[in-house]
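Numbering (full-length UniProt numbering), first residue to last: 1 to 743.
Ideal Cβ placement from N, Cα and C applies to all residues, glycine included.
All of these numbers come straight from a predicted model, not from anything done at the bench.
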DNA sequence: GAGCACTGC
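So, in structure tokens, the structure goes:
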């Protein structure tokens, strides 16, 4: 009889009819939950943990997977009286789904309605109320809250969960929390010297929360990595406690020799497991969509060559841009006698947990974002994983029972890997971080107390951009009103600036669409086998004015479809039909929905700021000018040989093959636009060193990543006080001066 | 004619 162990250790027979789940009454349910709670590893140290928090203002908790720290600790603290005096417990998560699912679970455990004592708050969704005491949220959201209330005066405890992931948001938050803690302890000691900015921006709340603020502020950092030293040192030698986890043992296997062809090695290993090992699904970690799709083809091909009885292997690709309905398929259990193989990116490392996985194949590579401060370009590169990451991957095989992990490299290579992944803050563009910190009153970014300092040149680059966008003054303070407005918008600085400009040039309605669409993952999704068909469909949206206007067309078309459908079929049906419409038009409906959410949020933001919202109808000239003015650093010149050269750094650029202006290669004619992100990729490939470009290149066409102007237009009177061409050329010159003075 | 890892406000 096959039997399975449930999470709480009870055993049940999965096939026997009498064990089908019965409707259980409330009391039984409570008892079951209580039993589960008590069986968690962390339960045995509840008293000690509460005591440690009472004794220490900052505590590091290292809890392995399955310890129950995320759901239990906040409840222990609540019961331990940490919400007295009206303060609340905030727990931050790097991901939205985690905040939501954990909050739901804890509300259930507490036997309360979600949104009352226990709630969550994420972008677009706030399930909290006046009575909420335990609040789960994303770390980014807490950062936004800090802009309105820099002392975080509502909170008596903040728990930063998954701190080992070291996202940009976590790192900024840690620095901020450290400062808040210092400020609040000074206030409670009566020696207040809190920053002026904090006082000014918080006048009303200050009085309101005076009582609470005098309470000490407890800070708890939770990490899954075994090494707590870094966090402890950063927080002045804070105490660290360890909580055991609950994981099944995973056998680690290495190859004898280094593999030359990773894909081939992965392929061989898949079949080796499939043919020789017992039941259990296989999870393979790959670097990206391309790799996944090619290995998928190879597995299918090889499978056909096997005897029919051995062909019972089901293949599931899994990556973030895959439409949701295809992603969901990995959760359906394999039919009896079948085995699943999941070909996944990093998404399966933390974000998605797939039941049934017993075997993990880890080629030891990962695609990461990297940032080159010299060129200011972000790109994606494939690098070796860290030890911590390899550990995280192998752990995916031991969720439900003992498992095996096949590392496709020799053990000696493992020893040579970095202990942990380089924190994101050291490999990304910092302009948004700096904007946020400036809004919090931090003027000296280089001196800010980061756990790990970002590259100095990267800071300078980003300061430069913000200065050129008009967000910072000469004194590196946030400018009024532009800087303050930009900091309030949840967008990239360039996009925020585009909105502000658009409000002055009567095209804010359209710019709202553009920045919303630019904020989401790629809007078109084309399956490999439908390449030809997609081309004609997508063409129906494309505008000779460029990719931005094309995005406006897509958005408008979808809204028009939705609204017409709504009046005929009602809201729910209309949304359903829209998803079908998206599929027919090769649009990723998840991305479109996301864009619509962002649109409404940003629209509300700009309304509150008092920006004028008007539409330019079908005349997109001003819209393009505003884009050129905000993305001026991407301005490039067309060379006589047909290539483009970026003015700000002299790099050779090319128009992306998916751009609607790829073919047009802008002749003299209307201005053209194309997608900045796509060009950045090409730009990266065509790096040019050395020679910097003269502005007065005869015969050259000025091109933005966003705007093309022919020679004729360049000399023509653009008129009015607003001249985008002049504007960005001036800016570029200014930028060059700045850059050179820094070298 | 080429390709975007994963999050987040």
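- Would the beta-carbon of residue 339 fall within 8 Å of that of residue 249? Working through the first chain from its first residue, we reach residue 339 at position 339. Working through the first chain from its first residue, we reach residue 249 at position 249. Contact: no.
Practice item. Please go through the same chain and pick out, in chain order, the residues whose beta-carbon is closer than 8 Å to the beta-carbon of residue 251, but skip the five residues on each side of it. Key: Counted from its first residue, the first chain places residue 251 at position 251. So the list reads 402, 403, 404 and 405, once near-sequence residues are dropped.
Exercise. Hey, how far is the Cα of residue 552 from the Cα of residue 640?
Worked result: In the first chain, residue 552 corresponds to position 552, counting from 1. In the first chain, residue 640 corresponds to position 640, counting from 1. Approximately 32 Å between the Cα atoms of the pair.
Point to revise | 8 Å Cβ cutoff met for residue 630 and residue 498 | key: Position 630 of the first chain, counting from 1, holds the residue named residue 630. Position 498 of the first chain, counting from 1, holds the residue named residue 498. Yes, the pair counts as a contact, with Cβ atoms nearer than the cut-off.
DSSP three-state label for residue 262, please.
Within the first chain, numbered from 1, the residue matching residue 262 stands at position 262. If DSSP states are grouped into helix, strand and coil, residue 262 belongs with the helices.
Once you ignore the five residues that flank residue 359 on each side, which residues in its own chain have a CB closer than 8 Å to its CB?
-> Against the first chain, residue 359 aligns to sequence position 359. If we look at residue 359 and ignore the five residues flanking it on each side, its Cβ neighbours are 273, 277, 280, 281, 282, 283, 397, 403, 404, 405 and 406.
>> Rounding to the nearest angstrom, what Cα-Cα distance links residue 674 and residue 522 in this structure?
In response: In the first chain, the residue the question calls residue 674 occupies position 674. In the first chain, the residue the question calls residue 522 occupies position 522. The predicted model places residue 674 with a pLDDT of 33, which falls under 50 and marks its position as unreliable; any figure quoted below should be read in that light. Here the alpha carbon of residue 674 sits roughly 14 Å from the alpha carbon of residue 522.
- Message: According to DSSP, is residue 257 part of a helix, a strand, or is it coil?
- Response: Start at 1 with the first residue of the first chain, and residue 257 comes out as number 257. It is coil, neither helix nor strand.
Check whether residue 337 and residue 67 have beta carbons under 8 Å apart
Translated into positions along the first chain, residue 337 becomes position 337. Translated into positions along the first chain, residue 67 becomes position 67. Their beta carbons are not under 8 Å apart, which means residue 337 does not touch residue 67 by this criterion.
*Got a sec? Which residues, its chain only, sit under 6 Å from residue 578 by beta carbon, not counting five neighbours each side?*
Along the first chain, read from residue 1 onward, the residue named residue 578 stands at position 578. Here the set comprises 562.
query = Do residue 160 and residue 60 come within 8 Å of each other at the CB atom, strictly closer than that value?
reply = On the first chain, position 60 is the one that residue 60 refers to. On the first chain, position 160 is the one that residue 160 refers to. Result no, Cβ atoms of residue 60 and residue 160 do not sit closer than 8 Å.
*Buried or exposed for residue 34, please, with buried defined as at least 16 other CB atoms from any protein chain shown within 10 angstroms of its CB.*
By one-based count along the first chain, residue 34 stands at place 34. It counts as exposed.
**Prompt:** Three-state secondary structure (DSSP) at residue 73?
**Reply:** Counting from one through the first chain, the residue named residue 73 turns up at place 73. Of the three classes helix, strand and coil, the one that applies to residue 73 here is helix, per DSSP.
How many Å lie between residue 175 and residue 323 at the Cα?
Against the first chain, residue 175 aligns to sequence position 175. Against the first chain, residue 323 aligns to sequence position 323. Taking the straight line from one Cα to the other gives about 37 Å.
Original post:
Taking the runs of the beta strand (DSSP E) that are 3 residues or longer, which of them lie wholly in the stretch 381-438?
Top reply: 403-407
* Asked: Where does residue 125 fall in DSSP's three states?
  -> Against the first chain, residue 125 aligns to sequence position 125. If DSSP states are grouped into helix, strand and coil, residue 125 belongs with the strands.
Would you give the residue range spanned by the alpha helix (DSSP H) that residue 467 belongs to?
In the first chain, the residue the question calls residue 467 occupies position 467. Counting along the chain, the alpha helix (DSSP H) containing residue 467 begins and ends at 456-468.
**Study point:** Between the CA atoms of residue 259 and residue 265 - distance to the nearest angstrom
**Key:** In the first chain, the residue the question calls residue 265 occupies position 265. In the first chain, the residue the question calls residue 259 occupies position 259. One C-alpha to the other measures close to 7 Å.
Point to revise | Status (buried if at least 16 other CB within 10 Å, exposed otherwise) for residue 310 | key: Position 310 of the first chain holds residue 310. When all chains shown are included, residue 310 counts as exposed.
Separation of residue 581 from residue 534, as counted between CA atoms: Residue mapping note: residue 534 aligns to position 534 of the first chain, counting from 1. Residue mapping note: residue 581 aligns to position 581 of the first chain, counting from 1. When rounded, the distance between both Cα atoms is 13 Å.
Where do the N-terminal and C-terminal ends of the beta strand (DSSP E) with residue 555 fall, by residue? As a working note, residue 555 is residue 555 in the first chain. Here residue 555 belongs to no beta strand (DSSP E); instead the alpha helix (DSSP H) covers 547-569.
Check your understanding: Quick one: is residue 545 buried, meaning 16 or more other Cβ sit within 10 Å of its Cβ, or exposed?
Key -> Along the first chain, read from residue 1 onward, the residue named residue 545 stands at position 545. The residue in question, residue 545, is buried, as its Cβ has 16 or more Cβ neighbours within 10 Å.
- [ ] Please go through the same chain and pick out, in chain order, the residues whose beta-carbon is closer than 6 Å to the beta-carbon of residue 591, but skip the five residues on each side of it.
- [x] The count along the first chain starts at 1 and reaches residue 591 at position 591. Residues 520, 521 and 523 of the same chain have their beta carbon placed closer than 6 Å to that of residue 591, with the five preceding and five following residues left out of the count.
* Would you kindly work out how many angstroms separate the C-alpha atoms of residue 424 and residue 168, rounded to a whole number? => Here residue 424 is taken as the residue at index 424 of the first chain, counted from 1. Here residue 168 is taken as the residue at index 168 of the first chain, counted from 1. Approximately 6 Å, taken between the alpha carbons.
Do residue 476 and residue 468 have their beta-carbon atoms positioned less than 8 Å apart in this structure?
Position 468 of the first chain, counting from 1, holds the residue named residue 468. Position 476 of the first chain, counting from 1, holds the residue named residue 476. Cβ distance not < 8 Å, so residue 468 and residue 476 don't count as in contact.
At a cut of 8 Å, does the stretch 344-361 reach the stretch 295-310 through at least three beta carbon pairs?
no
- Task: Could you check the C-alpha separation between residue 231 and residue 142 for me, to the nearest Å?
- Result: In the first chain, counting from the first residue as 1, residue 231 sits at position 231. In the first chain, counting from the first residue as 1, residue 142 sits at position 142. Near 20 Å, if we compare the C-alpha coordinates of residue 142 and residue 231.
Are residue 122 and residue 96 closer than 8 Å when you measure CB to CB? Locating residue 122 in the first chain gives position 122, where the first residue counts as 1. Locating residue 96 in the first chain gives position 96, where the first residue counts as 1. The Cβ atoms of residue 122 and residue 96 lie closer than 8 Å to each other.
Please determine, among 411, 427, 262 and 36, the residue with the shortest C-alpha to C-alpha distance to residue 166.
Here residue 166 is taken as the residue at index 166 of the first chain, counted from 1. Among 411, 427, 262 and 36, the Cα nearest to that of residue 166 belongs to 427.
Secondary structure of residue 442, DSSP reduced to three states: Locating residue 442 in the first chain gives position 442, counting from the first residue. Three-state result, residue 442: coil.
Through-space distance from residue 601 to residue 156, alpha-carbon basis
Within the first chain, residue 156 is the residue found at index 156, counting from 1. Within the first chain, residue 601 is the residue found at index 601, counting from 1. Distance between the alpha carbons of residue 156 and residue 601: 29 Å.
What's the C-alpha gap between residue 510 and residue 109? Taking the first residue of the first chain as 1, we reach residue 510 at position 510. Taking the first residue of the first chain as 1, we reach residue 109 at position 109. Roughly 46 Å between the two C-alpha positions.
Practice prompt. Kindly indicate which residue of 75, 39 and 71 has the alpha-carbon position closest to the one of residue 50.
Written response: Here the question's residue 50 lines up with position 50 in the first chain. The option with the nearest alpha carbon to residue 50 is 75.
- Grab the span of the beta strand (DSSP E) containing residue 158 for me, first residue to last. Within the first chain, the letter at position 158 stands for residue 158. Element bounds for residue 158: 155-160.
Sequence ranges, beta strand (DSSP E) only - wholly within the stretch 257-328, length at least 3:
281-285 and 313-318
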